[in-house]
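**Q** Just dropping this structure here.
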Amino acid sequence: MGGERVMPGHTHVTTRRSAVAARALAVAALGAAALTVGPAAQAVAPPACGSTLSEDTTLTADVRCPGASPAFHLAKGVTLDLGGHAVVGNGSGSAISAAPEGATVRNGTVRGWGVAVSNKPANPDAESDPLTLLVEDVRLADNRVALRTQGEFLGSWGPTVVRRTTFSGNETGLDITWYGVATVEDSVFKDNGTAISSDASAVQVSGTAFSRNAQGLSGNEASFLVDASRFVGNTSGISVGGTSSLTLRGSTVSGSDTAVSAGLGYVVIEGSTLSRNTSAVVTELAGGLISGTTFRDNGVAFNATQAPYYWDLVLQDNVVVRNGDGIVTQPTDEDWTLLQLGGNRVENNTGWGIHTPGVTDLGGNTARRNGNEPQCTGVVCVPRPS
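Throughout the sequence shown, residue numbering follows mature numbering (1 follows the signal peptide of the UniProt record, and there is no 0), covering -43 to -1, 1 to 343 in sequence.
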């Protein structure tokens, strides 16, 4: 035949490829036409300053609200996702006010406010159905009060939960009052005046770091439960008074003028390490239990300035080494028998080992190579097993 030879099937392959190419060009043309004639894409504007948010909202840009207070009020159950952005104030007013029934603030920064986040209600007399005020993955910086939360006596305001949040440069980090309940997990408090202040409220802290604050924890008629946390370089580590209770477990406190100060109340310190403080533990009228804890390289390890008043204060099985003074009490005419010592190892302190006249001896205390004699006063020290 005189015509051009074509390989079998070649015509069909060419036809299919042409059809695919044609469809692709048609789709591209339709897309271009849509882009040409359709409306221009609009960025979602952030909510207006002073708004009450009644549905979940995500910020798409930083927000500055110098005149509004609060900048945003969150209705019950609403989540405000900051979207990695900041809500910025001018040093006064309130940024985010959440309903007492609960709301969520997450994922961004709130800085430069009188109060950054609070659960103050729009209507203080409203009946509440408690949920949780959740603050997570937020940076609260350079505010007078970073997070203010409260409860209600015999009422039903929800608890506050803080997770993975950084409080820095605030006069007060968390301020909790009036029978509030708060949980703080895996967070950071640094360079604040007072990291956490609790008045007649309960706070549970775990996995959290406190550094360079004037006060780490401060409580009056408060309840603190602190687990697996670190306090480094705070002027005052933990200070509780006014019938407060403190439980400190598996934690470290170092570099403070006073690591733990406890007034009339109940203190439990277990399995912790207190080191390089001017005074590690100072008690005044407090009862409780201090056990399995290491006191190392402090000016004074344990100093009771007044005898326990309501409850026994038991020091059991602690290691007290390389301090100035080990375990001491201040001379008073009080009855010291509620202070009880047993099984403590007190060694290589430059001043007193155990100097506790009038206390109750539970036995098993050892003291040696301390600077002052006698090694033990108020208890009978036994030879340490070789």
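Ideal placement from N, C-alpha and C gives every residue a C-beta, glycine not left out.
1) Any heavy atom of the ligand NAD closer than 7 Å to the CB of H30?
2) Quick one: what does DSSP say H30 is sitting in, helix, strand or coil?
3) Could you tell me if N47 is buried or exposed, where buried requires 16 or more neighbouring beta carbons within 10 angstroms of its beta carbon?
4) Compute the Euclidean distance between the alpha carbons of R233 and K33, then round it to the nearest angstrom.
5) In angstroms, rounded to a whole number, what distance separates the CA positions of A(-11) and V35?
6) With burial defined as no fewer than 16 other Cβ atoms inside 10 Å of the residue's Cβ, what is the status of A55: buried or exposed?
7) Taking the alpha carbon of S175 as the point to measure from, which residue in A216, D99 and G212 has its own alpha carbon closest?
8) Which residue marks the beginning of the beta strand (DSSP E) containing E227, and which one marks its end?
9) Nearest by alpha-carbon distance to T294: which of A159, Y267 and A5 is it?
10) Exposed or buried, what is I311 when buried is set at 16 or more other beta-carbons lying within 10 Å of its beta-carbon?
11) Which partner residues of S54 appear in the DSSP bridge assignment?
12) Quick one: grab the DSSP three-state call for E330.
13) Name the residue from R187, D214, S236 and V183 whose alpha carbon lies nearest to the alpha carbon of G281.
14) Tell me whether E58 is buried or exposed, calling it buried when 16 or more other Cβ atoms sit within 10 Å of its Cβ.
15) Kindly give me the distance between the Cβ atoms of G67 and L91, rounded to whole angstroms, as I take these residues to be in contact under 8 Å.
16) What are the residues that DSSP puts in a beta bridge with S236?
17) Return yes when the Cβ of L246 is within less than 8 Å of the Cβ of V276, no when it is not.
18) With which residues is A324 paired in a DSSP beta bridge?
19) Can you check whether the CB of T165 is closer than 8 Å to the CB of T129?
20) In its own chain, which residues sit with a C-beta less than 6 Å from the C-beta of G71, not counting the 5 before and 5 after it?
21) On a CA-only basis, which of T289, V303, R325 and R206 is nearest G315? Give me that one, please.
22) What separation, rounded to the nearest whole angstrom, lies between the Cα atoms of V285 and W309?
23) Sort out for me which residues DSSP pairs G297 with in a bridge.
24) Is there a Cβ from chain D that is less than 8 Å from the Cβ of G126?
25) Count the other CB atoms, across all protein chains shown, that sit within 10 Å of the CB of T(-8); report buried if there are 16 or more and exposed otherwise.
26) Rounded to the nearest angstrom, how far is the Cβ of Q263 from that of L242, given a contact under 8 Å?
27) Could you tell me the alpha carbon to alpha carbon distance between T313 and T200, rounded to whole angstroms?
**A** Walking through what the data contain:
1) Questions concerning the ligand NAD fall outside what the structure shown contains, since it holds no ligand whatsoever.
2) Note: H30 maps to strand in three-state DSSP.
3) exposed
4) The alpha-carbon atoms of R233 and K33 are separated by roughly 46 Å.
5) Bear in mind that a pLDDT of 38 at A(-11), under 50, signals an unreliable position, so the model cannot answer this.
6) With 16 or more other Cβ atoms inside 10 Å of its own Cβ, A55 counts as buried.
7) A216
8) G222 to E227
9) Y267
10) buried
11) H30 and S75
12) In the structure shown, E330 sits in coil (DSSP, three-state: anything other than H, G, I, E or B).
13) That would be S236, whose Cα lies nearest to the Cα of G281.
14) buried
15) The sequence given here has Val at residue 67, not Gly. Not a contact, Cβ separation roughly 14 Å.
16) T215 and V257
17) In this structure, L246 does not lie closer than 8 Å to V276 by Cβ.
18) V303
19) no
20) When the five nearest sequence neighbours on each side are left out, the beta carbons in the same chain lying within less than 6 Å of the beta carbon of G71 are those of S49, G50 and R101, in order along the chain.
21) Selected option, being the one with the closest Cα: T289.
22) 7 Å
23) This sequence places Gln at residue 297; Gly is not what is there. V271 and T317.
24) Absent from the structure is chain D; it holds one protein chain and no more.
25) Low local confidence applies: a pLDDT of 37 at T(-8) is under 50, so the model's placement there is unreliable, with the coordinate-based value given in what follows. Classification of T(-8): exposed, given that the 10 Å Cβ count is below 16.
26) Between Q263 and L242 the beta-carbon gap is near 5 Å, inside 8 Å, which marks them as a contact.
27) 24 Å
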